[in-house]
Ligand SMILES: [Mg+2]
């Protein structure tokens, strides 16, 4: 795993110490000895994780962290605070400043490495989502991405898997008001509950009499539905080895008993905040891509998608000397459908037409709504004669059974005219191909509708 780690400490010897240990693990290391330099490095460079000393003159680590986390350009970079103080209040202060983790000097080697690796993994995921989000921006729908990411006020839904009554009751009490907490006392039942309910975090106690809690962690990580679900381990003093193993398995955080209420709520908040950020990025990306290329009414591809893909399919067909055909279909006298049955009736017809069209084309064919009542199907590896047969099959399928409109069991006769064209050997172009299909469609209409006309090559 190559990642770039920024080490920030006002004492050069401390910087050097961490640098050497990180270099030994093949990380790239950047360094800074004061807060302002650290912030500038984060703004300019590609920093994956910041290891941040708390006690520094001028600007302390809390303030550096707060500034990094409040700037959208740097807020997604994980920050680990490092301090000589082992005070819970400092830990909470750090987490409240937005720190993702906290390590105490002298820093335990294994703990440092597993923490850094675990955060780098999460950062990689966020980076990929951010990249995709910014790429889809080019498709043109920006408002989805400019959506506000703030959703801190919603109480998170959390599952605690813990068989000890005294222990889960204590946690229950601590989280009253800050989480909507479910308890599972059986780890197997807890696993299914986590998979079936949209939790935002799962806390797993290590104190089972007869069960390995890390097995549960690894099961949750291997299931698609819970792969990105944050896991917090509630561990005991002396379980460092287990925690490190857990971090390697992909748990996100841990707390040592006795659990401090402030630390618990702060760590939970950090996990939920990060999950919501990634979930929203993921959702905007998916939604943006779908909206950008799909016709909302019929679920077929839209014209924008056709425009961007037809040229590719055309070039491929020419390069491989394989046939390619296109059909343009247009519902006959569609205006009268709208006039008699309203736009809802018209929409019913368009949806049903799309359904029958889809049924009659292959998976590799590109079917899309071109606009209004006009649909286009691009058929790779298909010559004109075959395309004409497919078109005829679609025409017959439409004419043969009336379309239902509205909910009253009313039906209506629908017919379609189809123009077919195929790529010509020698000089041809997408524009020429589409123009010939359009002319064929025009001929079908003039000749009385409800028919297929193919332009022979
Ligand atoms: Mg210092």
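In my numbering, the protein residues as written are 147 to 603.
We treat Cβ as the ideally placed atom computed from N, Cα and C, and that holds for glycine.
Under the three-state reduction of DSSP, residue 352 is assigned to coil, being neither helix nor strand. Residue range 181–190 is occupied by the alpha helix (DSSP H) that includes residue 187. Residue 517 is classed as exposed because its beta carbon has fewer than 16 other beta carbons within 10 Å across all chains shown. Not one heavy atom of ligand 1 lies closer than 7 Å to the C-beta of residue 204. When Cβ pairs closer than 8 Å are counted between the two stretches, the region 422–432 is seen not to touch the region 382–402, the count staying below three. Taking C-beta atoms as the reference points, residue 348 and residue 329 fail to come closer than 8 Å. By alpha-carbon distance to residue 224, the top candidate from 159, 171, 152 is 152. Sequence-distant Cβ neighbours of residue 449 in its own chain, meaning closer than 7 Å and more than five residues away, are 514, 516, 517. Measuring C-alpha to C-alpha distances from residue 553 to each of 494, 306, 175, 201 identifies 494 as the nearest. In the DSSP annotation of this structure, the continuous segment of the beta strand (DSSP E) that includes residue 549 starts and ends at 549–551. The DSSP-derived three-state label of residue 237 is helix. Residue pairing of residue 447 in beta bridges, as defined by DSSP: 440, 514. Judged by the Cβ position, residue 227 fails to qualify as a neighbour of ligand 1 at the 7 Å threshold, every heavy atom of the ligand being at least this far. Counting C-beta atoms within 10 angstroms of its own C-beta, residue 575 has fewer than 16 neighbours from the protein chains shown and is therefore classed as exposed. Taken from the Cβ of residue 236, every heavy atom of ligand 1 lies 7 Å or farther away. A Cβ-Cβ distance of about 7 Å is found for the pair residue 304 and residue 346, placing them in contact under the 8 Å criterion.
Remark: the C-beta of residue 156 is in contact range of ligand 1, defined as less than 7 Å to any heavy atom. Within the region 323–376, the runs of alpha helix (DSSP H) that reach at least 4 residues and sit entirely inside it are, in chain order, 333–342, 359–368. Nearest neighbour of residue 164 by Cα position, chosen from 588, 278, 251, 385, turns out to be 251. By the neighbour-count criterion, in which 16 or more other beta carbons inside 10 Å mark a residue as buried, residue 417 falls on the buried side. A check of alpha carbon separations from residue 398 across 550, 375, 499, 555 identifies 375 as the nearest.
If you check the C-beta of residue 199 against ligand 1, you find a heavy atom less than 7 Å away. Taking C-beta atoms as the reference points, residue 350 and residue 300 fail to come closer than 8 Å. Nearest Cα to residue 371 within the set 471, 357, 340: 340.
The continuous alpha helix (DSSP H) containing residue 532 extends over residues 530–546. About 7 Å separates the Cβ atoms of residue 445 and residue 500, confirming a contact at the 8 Å cut-off.
Contact between residue 246 and residue 265 holds, with the beta-carbon distance rounding to 6 Å and staying under 8 Å. Look at residue 567 here: in three-state DSSP terms it is strand.
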